[in-house]
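Below: the structure, in structure tokens.
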Amino acid sequence: MKWRDVNNMRVKFAILPLLAFFVWTLTGEALAVKPSADTCYSCHSQLKKQFAQKTIHDPVGKGQCMACHNPHAANQDKFLKDEINKVCYSCHKGLAQELGRGHVHSVLLHDKCTRCHNPHASAHSNLLAKEANSLCLDCHEGVKKQLTFSYPIPPFREKKCLSCHQPHVSREEGLVRKKINRLCQDCHGIKCKSKGVSLAFALQNANCTNCHNPHASNKKGVFNPIAHQSFVDQKCEACHDTIVANKPLTTKLTGRTLCFDCHGNKKDMLSKIYVHAGGSKTCTTCHNPHASQDKGLIWKKEKWLCISCHADTDRREKASIEKQKGIRCTAIKEGKCSHCHDPHAANMPLYFKGDGVDICVSCHKREHSVSHPLREKSIDPRTNQPTYCTTCHGMHTAENKFMLYFDRKKELCIECHKRD
Amino acid sequence: MALMSGRIRLLLIVLVLCSIMPVFFALDLCFAQQKTPFALQVGFTQMEGMGKLKQIQGLFWSPAKNRLLVTDTGNNRLLFFGDSEGKFRFLSEFKSDKMALPISAVETSRGTIIVIERGAQGIISYNPETGERRGVLADGFPDASFFWPTRLALDDKDNLYVVDQGNQRIYIFDGNLTYKLHINSPEPRFTGFSAVAVAKDGNIIALEAQRGIVYVFDKEGKVINQFSKRGELRGETEFPVDIAVDGQGRIYVLDSHRHQVVLLDRNGNWQGEIGEKGWKEGKFIFPYRIEVASDYRLFIVDADNNRLQAFVPAGRAEQ
């Protein structure tokens, strides 16, 4: 029934006040008179002085303290209306939308906006807590160390991080502003040569960081520190057919046979039960054949390399760490997957380097000397299998303290030790 | 006023909750039914006369012989299981001195056993009656320089399907082990087949584990459908390791990291999930292999618990 069909005036008169009451109750808070910033400054007088800086956050300048704070009560520290990042995104909506569209600065995902920005006022542009570039290097200590290397690239030497990187989100890995080859070629051409033949024809679309360090190196040519010996010696012909300008680059042998030609001892791995990536025909899925920043000539840091396929394990691990409020296992904390797992092949499930005791004992010698009986000395009644460290501890997924599958104060022991 | 608005909000919340509660109950009931379509028949790590299982790498249900062939890799042997006196039992063992790390095996209707042996890095055929052992598939198919067989499947006409992860292909051989054709990468971003199963209608169901995609090929190797991917949503899998297909064409995708089976219909529509993480019988920790018998019984290798579990459709269990 539509409003115009309600002929009975008495009904209309009854409904209208009710509607008015609802509107009043729901909007009353919004319409309430808000105190001005002066009311706040009457007590927080020192803040007014602190806020008198070069860059002032817009709401602060306009005296709108309550844009972010609740004057009476809050569930958040500093009387914030919501979690700090949500408060920021409530105005900076564009940034919030961008977060789902590419690579995101980990601070935005796991920390607060205030890690880099001062929410009120700052002596630096963009309300930054420090001058932009030194702010970056405060956290990225590994990169900071590279400032001492013999061959820094000019923007890095001048600490102009933002000339190549986006601070928040980028479509490109490493938060770089554009595809890495274009970014490099914006400043300089391709200088790579093999026996006098320019390789520019082959490297137009290559990722320069495959061989070069994007910041600095102690090697001339800003090459990555770990390099294949033939590459260091510029003996391209060790693996490649003779390189001819404008002709596709080819290798002397194909796939893993090329690698096994020198690394013959690695062939044994093909005879194991579990072979990573199902005996893929190429080693270059994980290994960079030229120069890498990481030991073993892997494409990226071990953890990131593994996660690129095993993202679900990383997600579970993060949830587990969050529930446990931190963990102590260094292999997991430092992303050293190969401490426990053999990255090539194994005869143990999950590519374990030993059984579910050996691997743990390699670090936890003391704990092992006083532990619950293990292996054949203790059979798990749930499965009739020998007990290993991994019977109770789940390295990537357990949610209880000490990486236990069950709470040691309530459930853990009685999983097996039940009263008959 | 604040108190009044609080009360009204509370009232509104209660009203909303009351209106959606029946929906939740209905959904819960619906999910509960789809969560447990199978009941445990038996779970074991050893049976009388066979010793302990050690790292099972392959399962094959032989419809001709009506028995399950288990590749007991860690013990370098093959085991047969079947129904006897109304119970699922260990039947016999097949062993050869030269057998080296068998990882997948099938049994033809004529009784020939075909095995992928990691130690031999190839495919071996055994005649259990004469004990004859011979390497097969040495030639006859194109460009096999990286031939790396990982899984076998067999259809009801004894055609053999071989997953070659080295060349990212599936080879198909006839009953005389003569090469017929092969299935190549279905698309440019393809990362390789991990498992294969053959449906009753002859369609070939293959899993690309790295991207979680299930492909359906016709008998000629032409892609006729593809579905699912890696993810957390319904019908997706986080770490698929194996597939199986039943007589009705339903596809079982084994998700090792989620410790369960995702059940899809022949078109890839989500039908339900089977199992959950756990140590007790009927649950799994990192399940690794799956097979469906012709009577719709489900066999699952519960790898981390080192046991084999058999499940029957829930309706049958009640009978």
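Residue numbers (my numbering), protein chains in the order written: chain Y, 48 to 467; chain B, 157 to 475. We treat Cβ as the ideally placed atom computed from N, Cα and C, and that holds for glycine.
- [ ] Verify the CB distance criterion: does Y/Leu352 have a CB-CB separation below 8 Å to chain B?
- [x] no
Task: Beta bridge counterpart(s) of Y/Leu246 as assigned by DSSP - done: Its beta-bridge partners do not exist; DSSP assigns none.
Open item on the list: Within a Cβ cutoff of 6 Å, which residues of the same chain sit near Y/Phe307, ignoring the five residues on either side of it in sequence?
Closed with: Lys314
Task: C-beta contact flag for Y/Tyr435 and Y/Val408 at 8 Å - done: no
TODO: With Y/Gln93 as the anchor, note down where its alpha helix (DSSP H) starts and where it stops.
DONE: That run of the alpha helix (DSSP H) goes Ser92 to Gln97.
Open item on the list: Would Y/Cys258 and Y/Asn271 be called neighbours here (beta carbons separated by less than 8 Å)?
Closed with: For Y/Cys258 and Y/Asn271, yes; Cβs fall inside 8 Å.
TODO: Determine, using beta-carbon pairs with one atom in the stretch 301-309 of chain B and one in the stretch 250-265 of chain B, whether at least three such pairs fall under 8 Å.
DONE: yes
Task: Rounded C-alpha distance that separates Y/Ile461 from Y/Cys439 - done: Counting only the Cα atoms, Y/Cys439 lies some 12 Å from Y/Ile461.
- [ ] Could you name the residues of the same chain whose beta carbon sits closer than 8 Å to that of B/Met206, not counting the 5 residues immediately before and after it, in chain order?
- [x] Leu235, Phe246 and Glu249
Open item on the list: To test your reading of the DSSP string, which unbroken alpha helix (DSSP H) runs of 4 or more residues are found completely within the stretch 110-177 of chain Y?
Closed with: Every alpha helix (DSSP H) of 4 residues or more that sits fully in the stretch 110-177 of chain Y is shown, in chain order, as 131-138, 140-145 and 153-157.
TODO: Decide if the stretch 194-208 of chain B is in contact with the stretch 452-472 of chain B; the criterion is three or more beta carbon pairs, one per stretch, under 8 Å apart.
DONE: yes
TODO: State the beta-bridge partners of Y/His259 as determined by DSSP.
DONE: Y/Phe270
- [ ] Reducing DSSP to helix, strand and coil, say where Y/Ala253 ends up.
- [x] coil
Task: Amino acids of chain B, ordered along the chain, whose beta-carbon sits closer than 9 Å to that of Y/Cys309 - done: Here the premise fails: no neighbours, minimum Cβ distance about 18 Å.
Task: Supposed contact pair B/Arg289 and B/Ile280 - C-beta distance, whole angstroms, cut 8 Å - done: 6 Å
Task: Nonlocal neighbours in the same chain, by C-beta distance under 8 Å from B/Lys210, ignoring five residues either side - done: Asp228, Thr229, Gly230, Asn231 and Asn462
TODO: Please decide whether B/Ala459 counts as near chain Y, where near means a Cβ-Cβ distance under 8 Å.
DONE: yes
Task: Alpha-carbon to alpha-carbon, Y/Glu219 and Y/Ala247 - done: Cα to Cα, Y/Ala247 sits roughly 22 Å from Y/Glu219.
Open item on the list: If you reduce the DSSP assignment to three classes, tell me which class Y/Glu458 lands in.
Closed with: coil
Task: Minimum C-alpha distance to B/Gly322 - residue among B/Leu333, B/Phe329, B/Asp311 and B/Ser350 - done: B/Ser350
Task: Top-ranked residue by Cα proximity to Y/Gln111, from Y/Lys133, Y/Tyr88 and Y/Asn132 - done: Comparing alpha-carbon positions, the option among Y/Lys133, Y/Tyr88 and Y/Asn132 lying closest to Y/Gln111 turns out to be Y/Tyr88.
Task: Pair within 8 Å by beta-carbon distance, Y/Gly149 and Y/Ser210 - done: no
Open item on the list: Taking 8 Å as the threshold (beta carbon to beta carbon), is B/Gly322 in contact with chain Y?
Closed with: yes
Task: Short-range partners of chain Y found in the stretch 268-294 of chain B, where Cβ spacing is below 8 Å - done: Arg274, Gly275 and Gln277
TODO: For B/Glu394, go through chain Y and note every residue whose CB falls closer than 8 Å to its CB, in chain order.
DONE: Asp359
- [ ] Could you tell me the boundaries of the beta strand (DSSP E) in which B/Ser412 lies?
- [x] Taken as a continuous stretch (DSSP letters only), B/Ser412 belongs to no beta strand (DSSP E), as it is neither H nor E.
Open item on the list: Less than 8 Å between CB atoms is the rule here; does Y/Asn431 satisfy it with respect to chain A?
Closed with: In summary, chain A is missing from the structure at hand, where the protein chains are Y and B.
Open item on the list: Taking 7 Å as the cut-off, is the C-beta of Y/Ser217 nearer than that to any heavy atom in the ligand PLP?
Closed with: This structure simply doesn't include the ligand PLP, nor any ligand for that matter.
TODO: Out of B/Arg453, B/Val457, B/Ala449 and B/Val448, point me to the one whose CA is closest to B/Phe480's CA.
DONE: No answer is possible for residue 480 of chain B: the residues shown for chain B start at 157 and end at 475.
Task: Check whether Y/Asn293 and Y/Ala253 have beta carbons under 8 Å apart - done: No.
Task: Beta-carbon gap between B/Leu410 and B/Val401 smaller than 8 Å - done: no
Task: Expected contact under 8 Å - CB spacing of Y/Tyr198 and Y/Val269 to nearest Å - done: 5 Å
Task: Backbone secondary structure at Y/Lys313 - three-state DSSP - done: helix
Task: Which listed residue (Y/Thr301, Y/Ile237, Y/His235 and Y/Glu369) has its alpha carbon closest to that of B/Ser301 - done: Y/Thr301
Open item on the list: I need the DSSP call for B/Glu432, collapsed to helix, strand or coil.
Closed with: coil
Task: Supposed close pair Y/Cys410, Y/Lys400 - CB separation, criterion 8 Å - done: Contact doesn't hold; Cβ gap of about 12 Å is too wide.
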